[in-house]
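Below, the structure is given as structure tokens:
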């Protein structure tokens, strides 16, 4: 991805890059893509900023149908899901202290990664869409970031983003 972005002058200007960015998907390669996009003046369209719904605080892994793709994602399965719920609970406390929803906290965090990073959450309900839009007015302080980082340190994300075969295709 970085190589492709850096060769943009030879091909044409890259206007946007769409990658997964969330509190539970922010690995080194993600950070490199975000930094490179900023240098090149490209927008980062951050898909799945709510971790496929897991980071909303209202997700129930037992409520997934057999057809739901998330049943095949390691982070949504068994012990990993239980561990990830601990992170959700820690983040909920931060959101409650700020008098916002967990989804708003997570979206505000993604937006705070850089001025060129735009979260693109999905939603199936109008009220959730409005809730998500209002996250744009949430400001995270240095203290908020420190608290979020502590929550991530104490409750590290469990499980891969995708199954083993699909993980091989993530960064090429």
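Residue numbers (UniProt numbering): 1 to 172.
Even glycine gets a Cβ: it sits at the ideal position worked out from N, Cα and C.
{"Check": "Length at least 3, wholly inside the region 110–142: the beta strand (DSSP E) runs in chain order", "Outcome": "117–120"}
{"Check": "Same chain only: Cβ atoms within 8 Å of residue 134, ignoring 5 sequence neighbours per side", "Outcome": "104"}
{"Check": "Residues that DSSP places opposite residue 25 in a beta bridge", "Outcome": "22"}
{"Check": "Inter-stretch contact (C-beta, 8 Å, three-pair minimum) for the region 40–57 and the region 137–147", "Outcome": "no"}
{"Check": "Residue 161 classed as buried or exposed, judged by whether at least 16 other C-beta atoms fall within 10 angstroms", "Outcome": "buried"}
{"Check": "Per-residue DSSP class, three states only, for residue 35", "Outcome": "helix"}
{"Check": "Buried or exposed by the 16-neighbour rule on C-beta atoms within 10 Å, applied to residue 48", "Outcome": "buried"}
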